[in-house]
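Below you'll find the structure, written out as structure tokens, and then a few comments.
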Amino acid sequence: MKSQLITKLFATQAGISSLILRVPVGIILMGHGSQKLFGWFGGYGLQGTGQWMESLGMHPGVLMAGMAGSAEFFGGLALVLGLLIRPAAAIVAFTMLMAILTVHISNGLFLANNGYEYALALLVALVALAIQGSGRVSLDNVIAHRLAR
Numbered sequence: 000m001k002s003q004l005i006t007k008l009f010a011t012q013a014g015i016s017s018l019i020l021r022v023p024v025g026i027i028l029m030g031h032g033s034q035k036l037f038g039w040f041g042g043y044g045l046q047g048t049g050q051w052m053e054s055l056g057m058h059p060g061v062l063m064a065g066m067a068g069s070a071e072f073f074g075g076l077a078l079v080l081g082l083l084i085r086p087a088a089a090i091v092a093f094t095m096l097m098a099i100l101t102v103h104i105s106n107g108l109f110l111a112n113n114g115y116e117y118a119l120a121l122l123v124a125l126v127a128l129a130i131q132g133s134g135r136v137s138l139d140n141v142i143a144h145r146l147a148r
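Under numbering that gives the first Met the number 0, think of the first position of the sequence shown as 0, with each following residue one higher.
Here it is, written out as structure tokens:
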């Protein structure tokens, strides 16, 4: 039973399309996560992002910033590597859903008004990856083949 669950976690029938989807999405997520965690690329770091999250009613703000930033940064890294794609994509998809519901939904769809279109596009890509897996060119696929032996 435990072995079957682990095998299903790594297994994928997807081809090269997962690689084409997961690498750029992973890079984007790593960039956003690094803004929250480290203040890179014009970000505010944990303290600044935490203060902003507190202003939105998310308490404690620094913890929420750390959780969101970690999900984005480390989830994005997992996507780039093709490692543990299903749980990584699910966690980051939940993070995008929370961003939509807490920050963007009241601004409408369009990004020009700080709307949710960008977060929605990432959410949909992440759900697709969670369903189809990491694809042929991934660490998950290497692990799956070793488990099958």
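Cβ atoms here follow ideal geometry from the backbone N, Cα and C, with glycine treated the same way.
Practice item. Compute the distance between the beta-carbons of G134 and L18, then report whether it is under 7 Å. Key: yes
Practice item. Tell me whether the beta-carbon of M97 lies closer than 7 Å to the beta-carbon of L122. Key: no
Review point. Out of curiosity, what's the CA-to-CA distance linking I15 and L78?
Key: Roughly 14 Å between the two C-alpha positions.
Point to revise | Beta carbon of I104 nearer than 7 Å to that of F9 | key: no
Point to revise | Residue span of the alpha helix (DSSP H) that contains I19, given as start and end | key: S16 to F37
Review point. Does the separation of the CB atoms of L45 and F72 fall below 7 Å?
Key: Their beta carbons are not under 7 Å apart, which means L45 does not touch F72 by this criterion.
Exercise for review: Could you please give the first and the last residue of the uninterrupted alpha helix (DSSP H) stretch that includes I152?
Suggested key: A query on residue 152 cannot be resolved here, the shown segment of the chain reaching from 0 to 148 and no further.
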